[in-house]
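Q: A single structure is presented below for examination.
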Amino acid sequence: MLLLGLLGTVAVPPAPRITERNYQRYFDRYDLQGSFLLLDAATGQYTAYNLPRCRQGFLPASTFKIPNTLIGLETGAIRDTTDLCRWDGVKRSFPQWNQDMTMARALRVSCVPCYQQLARRVGAARYQQQLPKLKFGRMQVTPATVDTFWLAGPSRITQFEQIDFLQRFQRNKLPVARRSADITKALLVLGRGPGWTLRGKTGWTMQAGHDNGWFVGWVEQAGKAYFFALNAEPQNGGPAAANFIQGRRAVTEQILRQEFGLLPAAAHQ
1 MLLLGLLGTV
11 AVPPAPRITE
21 RNYQRYFDRY
31 DLQGSFLLLD
41 AATGQYTAYN
51 LPRCRQGFLP
61 ASTFKIPNTL
71 IGLETGAIRD
81 TTDLCRWDGV
91 KRSFPQWNQD
101 MTMARALRVS
111 CVPCYQQLAR
121 RVGAARYQQQ
131 LPKLKFGRMQ
141 VTPATVDTFW
151 LAGPSRITQF
161 EQIDFLQRFQ
171 RNKLPVARRS
181 ADITKALLVL
191 GRGPGWTLRG
201 KTGWTMQAGH
211 DNGWFVGWVE
221 QAGKAYFFAL
231 NAEPQNGGPA
241 AANFIQGRRA
251 VTEQILRQEF
261 GLLPAAAHQ
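2 is the number that full-length UniProt numbering gives to position 2 of the sequence shown; each next residue is one higher, with no gaps.
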């Protein structure tokens, strides 16, 4: 009886408060299908479009550049984001990648080869030590996949997990040095104005003709933080045209602006 009494006092975390909304009209403007999730950190209230899909895991793609930058700084694989990534001379389909660049620019133009160089310097063993501490989804890395595990294979993260990670990051609750966090946060700034700042990162995986895209981040406005995660694909499994490339961020910003009043009209710069 005593045991039952003690068990009865164990606190059960409350279920998250989630309001569902239909935002398909925003996706339709860009011929996209997908899901959107927002957390008002002050109230703990989530707003979700396509809730089952928000709970579905996807490869993180270049959203992994956020924890990857932190890990690079924490392990000393990079000293700071002025470190230079040397172009290997291989011409790729994204012209902005075909040049030497700093790691800061590599994040901003989402240069996969630069972050693959970083991954090889970090190494699988140190990822296996660092990733469980950061709790960024369910990443699986081996020596054979050390420079691809966020782009292909079994690694997965949901939109809820993206927001959980971003919230801990924004609040300086990750087990990393404040310097590493501040450097990385500065690289994520996409726009700012009187009383507001937008931080975010896109992602894109291309596997066997199937394209999947992300836009994750947060808005700080009037001392409050609002975290978002969008995952989207071309409608009907079509190819990733300009609508897909632009739409990930555009859809998100339109929802933030028109549904929540979180961005001014000229926020997308």
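Idealized CB from N, CA, C, for every residue including glycine.
The structure presented is a predicted model; accordingly, all values stated were derived computationally and were not measured.
Is DSSP giving residue 99 helix, strand or coil here?
A: The answer is coil: DSSP assigns residue 99 none of H, G, I, E or B.
Q: Buried or exposed for residue 27, going by 16 or more other Cβ atoms inside 10 Å?
A: Looking at its Cβ environment, which holds 16 or more other Cβ atoms inside 10 Å, residue 27 is buried.
Q: In this structure, does DSSP put residue 68 in helix, strand or coil?
A: Helix.
Q: Indicate the three-state DSSP secondary structure (helix, strand or coil) for residue 262 in the structure shown.
A: Three-state result, residue 262: coil.
Q: Between which residues of its own chain and residue 131 is the CB-CB distance below 6 Å, once the five residues before and five after are set aside?
A: So the qualifying residues of the chain are 139.
Q: Starting from the C-beta of residue 84, find all residues in its chain whose C-beta is less than 7 Å away, skip the five residues before and the five after it, and write them out in chain order.
A: Only 100, 102 meet the Cβ criterion.
Q: Under 8 Å between the Cβ atoms of residue 312 and residue 46?
A: It is not possible to answer for residue 312, since the shown part of the chain is limited to 1 through 269.
Q: Helix, strand or coil for residue 18? Go by DSSP, reduced to three states.
A: Strand, per DSSP.
Q: Output needed for residue 154: all residues of its chain with C-beta closer than 7 Å, excluding positions within five of it in sequence on either side, in chain order.
A: Counting only Cβ-Cβ distances below 7 Å, and skipping sequence neighbours, we find 140.
Q: Does the separation of the CB atoms of residue 170 and residue 214 fall below 8 Å?
A: Going by C-beta atoms, residue 170 is not nearer than 8 Å to residue 214.
Q: Please report the straight-line C-alpha distance between residue 51 and residue 88, rounded to a whole angstrom.
A: Each residue's alpha carbon lies about 42 Å from the other.
Q: At the level of alpha carbons, what is the spacing between residue 107 and residue 49?
A: Distance between the alpha carbons of residue 107 and residue 49 is about 28 Å.
Q: Is residue 93 helix, strand or coil when you go by DSSP?
A: Coil, per DSSP.
Q: Taking the alpha carbon of residue 220 as the point to measure from, which residue in 256, 241, 248 has its own alpha carbon closest?
A: Out of 256, 241, 248, 256 has the C-alpha closest to the C-alpha of residue 220.
Q: Please confirm if the segment 234 to 242 is in contact with the segment 259 to 266, defined as three or more CB-CB distances below 8 Å between the two stretches.
A: Touching, no.
Q: Comparing C-alpha positions only, which one of 34, 245, 167, 91 sits nearest to residue 67?
A: Answer by Cα proximity: 167.
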